[in-house]
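Residue numbers (the numbering used here), protein chains in the order written: chain A, 1 to 251; chain B, 1001 to 1306.
Here the structure comes first, spelled out in C-alpha cells, and everything after it is commentary.
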C-alpha cells in the first residue's frame, strides 16, 4: 500500500502580476515503509512540496492522499497523528522560552496521551538524549542536540510518515552523520516512511532508496539509489548534480 | 534537596542539567536576577521603589501627623519648624505625612494601569498580528485612532465624560495607554508567526488560541514589560497632571499632582508646598526609568539568554 500519493500537484504563491508557480504538475508515490528523496537546488520547490502536504501552504491544486485518505483544504487531528515533519534549522524550530520537557509534554497533551512522564523519558532515550536533557532550554543545547529534540517532538504522536526538510543541512559534518544514522535507526525500529528533501545527494543516498530530482518546480527524473551510485542518470541536470557532488566529495 | 547552605542553593539554581520543572524555572529566573543585579543603576531604581513600597505600606507608622488634620494656626510653616519635616501646606497639614500617604495613591494608580493597559494591548496586538486579514485592519485602525489623540487630552475627555475621581482617572489613563502596547505586540507577532517553531506546533494540531497564548505571548511579554516600566513615569505624570487639573484625585486626598496644584498658589513665597510632592513625582519616575533600562538589558530577546 502506498503511504503517500501525490498526483498533478501545482503550488503557487502570490496573485496577479506576482503570481508564480513553485511546483508544477508533480506526481510521486511513496510506498509504506519506504524512504523517498527529493533532490534539487535551492528554489526548486522541493520544500514547498512538504509544506503543501502539511497544509502550511494552502494555495495548491491537484490530489494528495495519505494512507489512502484524500487530503482537502484543512487538516484533521488524525492527519497530524499520522504525518509529522522535521524542520531544516533546529535553531529556529524550537521555542526559545520552552524547555525540552515543555515542548514534548505539550505535544503529548495535544494528542491526548496520558502517561506523559514515561513517554517523555522514552522519547529522549529513543533519540539518543538522556533524561538529563529534559529540563534544559534550547540555548543550553548544541545544534545536534536541538535537532534530536525536534526529532523527538516529531516522533511524539507515534506517526507513520515523517517529512524531513533538509534535517542536517544546518549542522556540522560530524553531527550530520550522527543525525543520519539516528534517522536510519528510527526508521528500522518504528517502521516509519520517510519523504526527505535535500540538496545533498550524499545525504539522500545515505537515507533513501528512491530519488526524484527536481528542477524549477518539476520532477525531471526519478531513479533508484543503486542507479545513482552507478551514475546511470539519463537527464543532463541529474548528471550535472552527480558530477558536482562527486567533485566536492573529492575536493 | 537541601536548601539551607547558600552554596548548594546557588549550585542547585545554576545546575547545567536541572532535574525538575521547578528547578528549570527557578534557575531561569535566577540567571535573570544575576544579570539585573550586575546593573548598578537598575538596582538603585529597584531599591528605591522597594523602599517607596514599604513606606506606602507602613505609612501609618512612619507619618508624624494625620495627613488630613488641618491646623489653620500652623499654616505654611517652613520645613523643620515644630516637628514638621517638610513644613505644612495652606491648611496647616503636615506635608511629610501627606507625601507618604500620597505614595499609596501613586502606587495604586501605577499598578492598576500597569495591569490593564499592557494586557489590553497584548491581546489586541497579538490577535491582530496572528489573525491578519480584515481583523488586523479593523483592530489596527482603531489603535491608530486612539494614537492620533494626545494622551492627556484624551484622558481629560474620558474623565470629563465619566466624572472626576481616582478610579476614573485610572480607567482613562489605561484607555489612552494601550495603543503603543498593541503596536509593539503586533510587530513582535508578525516576526514570530512565520517562524518554524510556530509551524511545528501547528503541525501538532494546536489551535490559534493556544498558539497565541502559549507560544506568542511569552515572547512578546519581555518587550512589553520593558515598555511598561519605561512608561510608568509617563503614567504617574499623567495621573499627576489630571490631579493638577483637578480631574484626578479630589481634595482632601493627598495625591501628589493635586498637592503640586495646591502649592502653585504659594510657589513664590512658600516654595516647599509645591516642591516636595514635585520631588516625589520626579524621584519615582526616575526610579522606574532606571529599572526599565536595566530590565531591557536583562529581557531583550536579541541578547539571547533564557
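Cβ coordinates follow ideal geometry from the N, Cα and C atoms, glycine included.
In the three-state DSSP reduction, residue 1059/B falls in the helix class (H, G or I). Between the region 1116-1125 of chain B and the region 1182-1200 of chain B, the count of Cβ pairs shorter than 8 Å is three or higher; the stretches touch. In this structure, the alpha-carbon of residue 1086/B lies about 16 Å from that of residue 1264/B. Straight-line measurement puts the Cα of residue 1053/B at about 23 Å from the Cα of residue 1035/B. Listed in chain order, the positions of the region 71-86 of chain A with a beta carbon within less than 7 Å of a beta carbon of chain B are 77, 80, 84 and 85. In the pairwise beta carbon analysis, the region 1213-1230 of chain B is classified as not touching the region 1156-1166 of chain B: fewer than three pairs are separated by under 8 Å. Taking a C-beta distance under 9 Å as the contact criterion, residue 193/A and residue 161/A qualify as a contact pair.
Any Cβ of chain B closer than 9 Å to the Cβ of residue 121/A would place that residue at the interface, and such an atom is absent. Counting along the chain, the unbroken alpha helix (DSSP H) around residue 121/A starts and ends at 116-126. Between residue 1192/B and residue 1153/B a beta carbon distance of about 34 Å is seen, past the 8 Å cut, so the two are scored as non-contacting. For residue 1035/B, the enclosing alpha helix (DSSP H) has its first and last residue at 1021-1037. Check the Cα spacing between residue 98/A and each of 73/A, 140/A and 235/A: the tightest is with 140/A. Bridge pairing for residue 29/A: 5/A [DSSP]. Interface residue (Cβ-Cβ distance to chain A less than 9 Å): residue 1084/B is not classified as such. Residue 1291/B and residue 1299/B have their C-alpha atoms spaced approximately 12 Å apart. Sixteen is the threshold: since fewer than 16 other Cβ atoms of the shown chains lie within 10 Å of the Cβ of residue 1047/B, the residue is exposed. In this structure, residue 1169/B sits near residue 1247/B, with a CB-CB distance shorter than 9 Å. Of the residues assessed, residue 46/A falls on the buried side of the cut-off, its CB having 16 or more other CB atoms within 10 angstroms. Setting aside the 5 residues that flank it on each side, residue 51/A is surrounded in the same chain by 57, each with a C-beta closer than 7 Å to its C-beta; the list follows chain order. Residue 1274/B sits close to residue 1262/B, with the two beta carbons spaced by under 9 Å. Collapsing the DSSP output to three states places residue 211/A in a strand. Residue 210/A sits close to residue 225/A, with the two beta carbons spaced by under 9 Å.
Residue-level contact by beta carbon fails for residue 236/A and chain B, as no gap is shorter than 9 Å. Unbroken alpha helix (DSSP H) runs of no fewer than 4 residues, entirely contained in the region 1195-1223 of chain B, are found at 1196-1202, following chain order.
Between residue 94/A and residue 49/A, the C-beta gap is not smaller than 9 Å, which leaves the two residues out of contact. The beta-carbon of residue 1196/B is placed less than 9 Å from the nearest beta-carbon of chain A. Assignment of residue 59/A by DSSP, reduced to helix, strand and coil, places it in the coil class. Distance between residue 234/A and residue 222/A, taken at the CA atoms: about 10 Å.
Contact annotation, residue 84/A with residue 154/A: C-beta distance approximately 4 Å; criterion of less than 8 Å satisfied. Residue burial annotation: residue 1140/B is buried, with at least 16 other C-beta atoms found within 10 angstroms of its C-beta. Less than 9 Å divides the Cβ of residue 1284/B from the Cβ of residue 1106/B. Counting along the chain, the unbroken beta strand (DSSP E) around residue 84/A starts and ends at 83-86.
Residues of chain B with a Cβ closer than 7 Å to the Cβ of residue 107/A are, in chain order, 1204. Scanning 102/A, 55/A and 14/A for the CA closest to the CA of residue 1022/B turns up 102/A. For residue 143/A, the closest alpha carbon among the candidates 24/A, 175/A and 230/A is that of 175/A.
Residue 163/A carries a strand assignment under DSSP once its states are collapsed to helix, strand and coil.
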